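Note that the protein sequences, when read in sequence, are chains A and B. Quick note: the first sequence uses full-length UniProt numbering, first residue 1, plus one each step. Quick note: the second sequence uses full-length UniProt numbering, first residue 1, plus one each step.
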Amino acid sequence: MEEVDVEPSTTLIPGAGFYQKHLGFEWGPGDLIVYETNYKLQGNESCSPSVHIVRRDEDICSPILRKLFSESHLIFVGLQKIKEDVPSKNKKSQFVSISKNYRSVIRACMEELQQNAGKRSHDTHPVSILLAIELIWNLCEVLFIDAAPAGSLLLQLLDWVRLHKSDVDAKAREVLQSDSPAQHQSYWDVVISLVLQGRTDEARQVLSKQASLRAESSSVFKRMDGLLQTMPIFNPTGTQTLTEFEVKWRHWHEECDRCLQDNTFASNRHLETICKILVGDEDTLLEQKELLSTWYHFLVTRLLFTHPTIKPPDLHYYAQSSMNMFLGPRASPEPLDIILLSAFEFDLHQVIKDCSIALNNWWFVAHLTDLLDHCKLLQSHNLHFGSNLREFLVLEYASGLFTHHSLWQLAVDYFDHCPEFGRVYLELQIERVPLDTERKAIKVLRICEDRQMSEQVRSICKIMAKRALRNNRLGSALSWTIRAKDAAFATLISERFLQDYSNKGSFTDLDLLDNLGPAMLLSDSLTFLGKYREFHRLYGEKRFSEAARLLLSLMTAKIAPRSLWMTLLTDALPLLEQKEVIFSVDQTYELMSCLEELNSGTKHSNLTDQDEDIESTKTELLRLALARNLTMAIVKEGTIET
Amino acid sequence: MFVAKSIAADHKDLIHDVSYDFHGRRMATCSSDQSVKVWDKGDDGEWHCTASWKTHSGSVWRVTWAHPEFGQVLASCSFDRTAAVWEEIVGESNDKQRGQSHWIKRTTLVDSRTSVTDVKFAPKHMGLMLTTCSADGVVRIYEAPDVMNLSQWSLQHEISCKLSCSCISWNPSSSRAHPPMIAVGSDDSNITYSGKVQIYEYNENTRKYAKAETLMTVTDPVHDITFAPNLGRSFHVLAIATKDVRIFKLIPMRRESANSSGPTKFEVQVMAQFDSHNSQVWRVSWNITSTLLASSGDDGCVRLWKANYMDNWKCTGILRGDGSPVNGSGHAAALSAVGVPVAAQMVVGAASAGRYFFPHLDSPRAGSRLAHLLPPPSLIEQIYEPDLSHAPQIRQRHTANSTNQPTEHD
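Next up, the structure:
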């Protein structure tokens, strides 16, 4: 596993490096900030006044690729659900169909890009990348996932070439729809192209146009028609064995050879060329470079007419030689050529590695590797890091998605299916998602709650609570605090509520306060706030005796902070003044002892004289009301009801 | 990679630090012009300066955000021997309309007798704690016991490192198995033989920080230091900027007996070492998941380092100034005009971006050599400055420079 040493690409920062020689930087979500600076100097220096934001993942921004990301996400999730216990035979067909699904998503994306290409000409670049991706994927599907045996292998490779060299069809249509197809300048190009792709029936059809015109040479055309018609094609679903096919094919090959020897087609150089192609003459094939256009087309055509029953292990020899013959000795192969060659050599790891370097696109390598890993292809190569490679690539891809303002939600599922580091990555990434709105915060929160990420849940709630408090939205702050289960903060907010109450004389956010339920047990202050609000509600509903009992218990059970006792006792005043006796004798005694306990405590030294006057007046009033209530209560309780 | 946007920061002197907030929606810049600026990312994706104020009476070295759980809080440190804590308060409505926010100073930490070279908040699970280090070789750990009252900070620990300190980094691990740990780097060039990276660990029993390790192999001045996120591993990863970039693995060794109270001992391994910067490296920093490390050095480049699944580290990208004297405001305008169609940038991408945006410098290998050939800056501004209203102010700055040589602060 040699590392290909690729020179890292350099990004130039405009306007930096002129005044000062250092670049400062800071990591951001999905980008990097750079600025000119000097780490050796202290100041009074000229420097570029700009801060530059450098983005890393370019593809993430494309709106059309976004569709690729979201649709392939569904396929990915479906693939992860394929159960282990399905017999491996059935699995293979499932994997092939998943592979085809991925490819059809790429194709759809490509078509959309091509349609838009008219409007925005600079979008051609992603099209060519997608084209290469689909080409590689399709080859990997044939060689690795479907793992076609000898016989079917060539048929599948032919399909692969036909799919990616589809301009033949357009040209054929153009020729056939012209006024006189046989006279069309591309006529023979079309015939030969069809033969090169092994599409003999179509080639015969086009040839017949010419044959009908030239009566004098109709026998020659008929001969060629016969050759094309009798060309044996292997039928993998039929009963014919591979050996039977080989015998038949060799027979046909000899017949073509004989025609060549006999100079049967000497009168027509085009037919002669076709015949040479049929016998697999390499020089003739190489003369068709323009029609073949790629070395891998040449490879498949060459195999079609020389070794139609090629076995997978022999492929690499022909691939290497075809590439050399086609490109010539001096041409240096492009990255795509190297990747395809590695595939023909069945070197999966090299394919993946080269793809990740050449394509700069984690989508492709992550999904392909994941699929190959499910096919158990990576383990057989190297037990040690097979699954790590998959996870490494999936993590890279998902991390890239996380930098996008809406695609991050897809990334969650990818992280879920990375057993080793998926959870930690998700934890690190999800807490960085900007909580712009309450809705978004709830969305993020739900993801964390579903995965029992209690620390992230607490942190998000705390951030939201803090923000709400800053903006003086007490109700929202309290409900986020309850979700965060932050007792200290709950105390603080409860105190703010009570402060608010003592300023305004009424509570805000009644809905929340009335429905605290068991959440009020989070902190003593909150419990008191909830109970105190309940007292107000009971009082408002004129359920006086219940209200009185609650009020008293707030003090006797020490739920109410001492500082608020005077307020509570004052709240008791109107109840004491009612015509009807509400506080029983025992309750009145308890109230009295509360009042005395409060007064026996150390007096606040910082109270002004005026404040002290008010306090003592309050106490006097309370004592009077309590005494009067006691009288009434004794009388009431002493009266035997008849 | 490509330059997506350029923002005219409008600092009147060198920018020393830029810091993103936790969610990447705000950033703070600090400069030798003694000010800090806060920038907010609008819904349109544009950055707006929402506050700019004088923070210190000397160059501001570093600025850093507290975790948003503690509100909108910044800390800065300066040549003026202080560090300061700033809190944003919800301003009056007309401030909001103007898109401005109010930052008030909550405290000034004046314990250092020399320049405060770094300031960092501790990991949030430790509460609201702030750490400074200074040229006099002392690391100070402060705590705000009441997170609602940021004007009260108490000095909890003073660690004497005996060497002039340049940088600090907290171990972010919140695992119970890892006691709080801080790494301190020194750029002391007077003492050449001793290790320049010290690691201190909190001891539950003594309630003090004790030295756990000195990286004896690092004897050259250290300019920056940073722990990677822990990722649930048992060991720690520490990146160091010295004469090269180094990545260390600190593997806690098993204690000899369960009740031994001494600091953890570590097995120290070098995971990677890169000398591509050719000389001093000034900053190192990890991305969120520590899959990438960035470093900045004397070669004027920011280099990105990445490990593959076999833990082989490689440089995967380089950022370098193009050496052109582009004027900030004119340049920003040119970029914002093409800033919206993202697809255009996708294609132009990487190295060609600079050329695409600056046709007048259409030399692919402009680099720094070109800089020497160009006429003096003021002339350039006249030629390339489309908005002349900015020109006088900028030229004034240049003239000021020529009279006022870099002799700042004794």
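C-beta atoms are modelled at their ideal positions from N, C-alpha and C, and glycine is treated no differently. Just so we're clear, the structure is a prediction, and the values are computed from it rather than from any experiment.
- The beta carbon of A/L155 sits closer than 8 angstroms to the beta carbons of A148, I233, F234, P236 from its chain, once the five residues preceding and following it are set aside; these are given in chain order.
- Sixteen is the threshold: when 16 or more other Cβ atoms of the shown chains lie within 10 Å of the Cβ of B/K243, as they do, the residue is buried.
- Your pair A/I129 and A/L359 checks out as a contact, with CB atoms roughly 7 angstroms apart and the cut at 8 angstroms.
- When only Cα atoms are considered, A/W565 and A/L426 end up about 49 angstroms apart.
- Closest option to A/V195, judged by alpha-carbon separation, among A/H270, A/V142, A/I463, A/K91: A/H270.
- Secondary structure at A/F298: helix, using DSSP grouped into helix, strand and coil.
- At the C-beta level, B/R81 and B/H16 stay beyond 9 angstroms of one another.
- For B/V281, same chain residues with a beta-carbon under 8 angstroms away, outside a window of 5 residues either side, are H223, D224, A241, T242, K243, D244, V245, S295, S296, G297, D298 in chain order.
- Close to A/S476, with beta-carbon spacing below 8 angstroms, lies no residue of chain B; the smallest spacing is near 14 angstroms.
- By the C-beta criterion, the segment 427-439 of chain A is judged to be in contact with the segment 20-34 of chain B, since at least 3 inter-stretch pairs fall below 8 angstroms.
- Contact annotation: A/V220 and A/H253 have beta-carbon atoms that are not nearer than 9 angstroms.
- Contact between the segment 127-146 of chain A and the segment 333-346 of chain A is present: 3 or more CB-CB pairs across the two stretches fall below 8 angstroms.
- The C-beta distance from A/L510 to A/L529 rounds to 12 angstroms, too long to fall under 8 angstroms, and the pair is not in contact.
- Chain B places no beta carbon closer than 9 angstroms to that of A/S342, leaving this residue out of the contacts.
- Under DSSP, A/I357 forms no beta bridge with any residue.
- Scanning its chain for C-beta atoms nearer than 7 angstroms, with the 5 sequence neighbours on each side dropped, one finds around A/M231 the residues T200, W252, in chain order.
- At least one C-beta of chain B is nearer than 9 angstroms to the C-beta of A/Y425.
- Within the segment 71-147 of chain B, the runs of beta strand (DSSP E) that reach at least 3 residues and sit entirely inside it are, in chain order, 73-78, 83-89, 102-109, 116-121, 129-134, 138-143.
- Proximity of chain B to A/Y35 at the Cβ level (cut-off 9 angstroms) is accounted for by A9, I15, V18, T29, in chain order.
- Inter-residue distance for A/T567 and A/N515 is about 24 angstroms (C-alpha atoms, whole angstroms).
- For B/R320, the residues of chain A that pass the 9 angstroms Cβ criterion are T10, T11, L12, I13, A16, G17, L23, in the order they occur in the chain.
- Boundaries around A/M224 are those of the alpha helix (DSSP H), 218-230, since no beta strand (DSSP E) includes it.
- When rounded, the separation of the alpha-carbon atoms in A/R562 and B/V73 is 34 angstroms.
- By the neighbour-count criterion, in which 16 or more other beta carbons inside 10 Å mark a residue as buried, A/D609 falls on the exposed side.
- Interface flag for B/Q152 against chain A is unset, since no Cβ pair is found closer than 9 angstroms.
- A straight-line Cα-Cα distance of about 24 angstroms links A/H316 and A/F95.
- Within chain A, no C-beta atom comes less than 9 angstroms from the C-beta of B/F235; the nearest is roughly 14 angstroms away.
- Note: B/G317 is bridge-paired with A/S9, B/L304 in the DSSP secondary-structure output.
- Within chain A, not a single residue places a beta-carbon under 8 angstroms from that of B/F266; the smallest gap is close to 22 angstroms.
- Between A/I493 and A/T481 a beta carbon distance of about 6 angstroms is seen, short of the 8 angstroms cut, so the two are scored as contacting.
- For the segment 154-228 of chain B, the continuous beta strand (DSSP E) assignments of 3+ residues that do not extend past its boundaries occur at 154-160, 165-170, 181-186, 197-203, 208-214, 224-227, in sequence order.
- Closest in alpha carbon position to B/N171, among B/L238, B/T107, B/N149, B/E204, is B/L238.
- Residue pairing by DSSP puts B/Q273 in a beta bridge opposite B/R246.
- For A/R103, the closest Cβ of chain B is not nearer than 9 angstroms.
- For A/S166, no beta strand (DSSP E) segment is defined, and its DSSP state is neither H nor E.
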